[in-house]
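Everything in the sequence shown is counted per this note's numbering, starting at 63 for the first residue and increasing by one.
Data first, discussion second: the structure below is written as structure tokens.
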Amino acid sequence: METGPAVVKVLTQDLVGKTAVVTGASRGIGRAIALNLALRGCHVLGTCSCDVTYNAHIISLQDSIFNAYRATGNLKPPLLEACVAHLTDPERFCHTLTGLLEVSFNNRVDILVLNASLAERKTIEDMDEDHIYRNLVANVETPLRIVQSLLPFFQPSSRIIFMSSEAARLSRPGGLMYSASKAAMESAVRTLAEELGLRRGMEGTTVNSVSTGLTDTGLVKNMDKRLRDSILSRESAKINVARRIGEPDDIANVVGFLASEASRWITGSVISASGGSTKIL
Ligand SMILES: NC(=O)c1ccc[n+]([C@@H]2O[C@H](COP(=O)([O-])OP(=O)(O)OC[C@H]3O[C@@H](n4cnc5c(N)ncnc54)[C@H](OP(=O)(O)O)[C@@H]3O)[C@@H](O)[C@H]2O)c1
């Protein structure tokens with residue numbers, strides 16, 4: 063089970079009273095983002111894809127947050143609720159989120175992190191209609207339908223952050239639909255920035271993508287040791303600021319900044335969180 067940093071401490075309480083929705087909050091980067099926001103006082107509604115994950119990973123996340131606040135002796139922990147919602151069922155995903163926002167979060171969303179995605183691999187020779195359709199639904203339709211369904215809940219100066227990948231601008235044989243769907247969403251983010259920035263009731267809202275480089279989450283951690291060692295040595299050689307690949311916390315700090323008030327003048331952008339392996343002009 064992913065547990066994140068060994069010592070979890072409460073951070074500056076700059077997000078008290080705000081509510082964040084984080085998709086894919088049970089593991090990897092999404093978990094680190096949910097933790098970052100909650101440790102700053104933000105209520106979090108997180109999602110995962112299955113009951114087993116809910117029981118194992120979400121409960122450990124709830125414990126980490128609760129223990130960090132208990133250690134302060136006086137600060138009250140924010141609410142962390144989670145639900146099971148599958149990216150390939152946009153209708154039910156949105157219905158589940160809006161239902162919980164009404165019941166438990168006072169009908170408000172200040173921060174939306176579109177983090178979960180499908181990462182299925184197929185070459186042009188192997189792909190079939192089902193693969194194309196499933197990936198477009200999970201990685202393009204569902205995130206856009208989530209934004210649409212949350213329109214009545216967003217507050218002024220909301221933050222919408224899409225987790226992209228450096229794959230959006232690289233050629234990655236076998237990752238056709240994944241790369242293409244990340245590129246499609248980066249494009250959609252630019253339009254959303256323009257459509258939502260001055261929307262009535264959402265004035266000051268920003269919409270950005272975070273282009274993430276290779277990060278040490280489940281996929282990499284669970285690899286066979288020899289393959290993992292060879293990937294780590296090849297990929298860490300591309301990083302400018304250290305000889306290692308990213309940790310979920312490296313990415314969560316960038317998303318955490320984009321979620322803050324201080325990021326108010328950044329919108330419609332792609333921010334590279336890759337230690338310099340991808341440079342975006
Ligand atoms: N890790 C990297 O190297 C890397 C690089 C570039 C971009 N990114 C992007 O960063 C984001 C997070 O990646 P990660 O590596 O942190 O992923 P991860 O460790 O595999 O975690 C994925 C999260 O998304 C949920 N999820 C997975 N499939 C789902 C589905 N079909 N429906 C609903 N939820 C689903 C998982 O829930 P369960 O726990 O229930 O499975 C989990 O919470 C993704 O958008 C990914 O494309 C990652």
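C-beta atoms are modelled at their ideal positions from N, C-alpha and C, and glycine is treated no differently.
On a predicted model such as this, the values are computed, not experimentally measured, just so you know.
_Looking at residue 316: is its Cβ nearer than 8 Å to the Cβ of residue 328?_
no
*Of all the options 204, 126, 274 and 166, which has the alpha carbon lying nearest to the alpha carbon of residue 153?*
204
_Cβ neighbours of residue 147 in the same chain (closer than 6 Å, five flanking residues each side left out)_ = 109, 155 and 158
*Kindly give me the distance between the Cβ atoms of residue 123 and residue 93, rounded to whole angstroms, as I take these residues to be in contact under 8 Å.*
6 Å
*How about residue 164: is its C-beta nearer than 8 Å to some C-beta of chain B?*
In the displayed structure, chain B is absent; only one protein chain is listed.
*Within 7 Å: the Cβ of residue 276 and any heavy atom of ligand 1?*
yes
*Helix, strand or coil for residue 260, going by three-state DSSP, please let me know.*
coil
*Just the C-alpha distance for residue 88 and residue 262, rounded to the nearest angstrom, thanks.*
33 Å
*Excluding the 5 residues preceding and the 5 following residue 185 in the sequence, name in chain order all residues of the same chain whose CB lies nearer than 6 Å to its CB.*
236
*Measure the beta-carbon distance from residue 175 to residue 130 and round it to whole angstroms, keeping in mind my assumption that it falls under 8 Å.*
Actually they do not touch by this definition, with Cβ atoms about 20 Å apart.
*residue 179 to residue 207, Cα distance in whole Å?*
14 Å
*Indicate whether residue 247 and residue 202 have their beta-carbon atoms separated by less than 8 Å.*
Their beta carbons are under 8 Å apart, which means residue 247 touches residue 202 by this criterion.
*If we ignore side chains and look at the alpha-carbon of each, how far apart do residue 111 and residue 86 end up?*
7 Å
*Answer yes or no: the CB of residue 346 versus the heavy atoms of ligand 1, is any distance below 7 Å?*
Outside the displayed span of the chain (63 to 343) sits residue 346, for which this structure offers no information.
_Spatial distance of residue 335 from residue 224 (CA atoms)_ = 12 Å
*Out of curiosity, what's the CA-to-CA distance linking residue 233 and residue 303?*
24 Å
_So, for residue 319: in the same chain, excluding its five sequence neighbours on each side, which residues have a beta-carbon less than 8 Å away from its beta-carbon?_
Apart from sequence neighbours up to five positions away, the residues of its chain that approach residue 319 with a beta-carbon distance below 8 Å are 325, ordered along the chain.
*Assuming residue 255 contacts residue 244 (C-beta within less than 8 Å), just tell me the rounded distance between them.*
At roughly 17 Å, the Cβ-Cβ gap does not stay under 8 Å, so residue 255 and residue 244 are not in contact.
*asked:* I need the boundaries of the alpha helix (DSSP H) containing residue 209, first residue and last residue.
replied: 204-211
*How far does the alpha helix (DSSP H) with residue 98 in it reach, from first residue to last?*
90-101
*Between the Cα of residue 164 and those of 81, 238, 310 and 289, spot the shortest distance and give me the residue it belongs to.*
Ranking the options by Cα distance to residue 164, first place goes to 81.
*asked:* Quick check on the DSSP output: the beta strand (DSSP E) that includes residue 219 runs from which residue to which?
replied: 216-227
*Give me the Cβ distance between residue 313 and residue 274, rounded to the nearest whole Å; I'm assuming they're in contact under 8 Å.*
6 Å
*CA-to-CA distance, residue 250 to residue 226, given in whole angstroms*: 12 Å
*Whose C-beta lies closer than 8 Å to the C-beta of residue 395 among residues of the same chain, with five residues either side of it excluded?*
The requested residue 395 is not part of the displayed model; the chain covers only 63 to 343.
*At 3 residues or longer, and completely inside the region 264-330: list those beta strand (DSSP E) runs for me, N to C.*
268-274
*asked:* Less than 7 Å separating the Cβ of residue 177 from some heavy atom of ligand 1?
replied: yes
*May I ask you to report which of helix, strand or coil DSSP gives residue 79?*
coil
*Among residues of its own chain, excluding the 5 on either side of residue 95, which ones have a beta-carbon nearer than 6 Å to its beta-carbon?*
84, 175, 314 and 317
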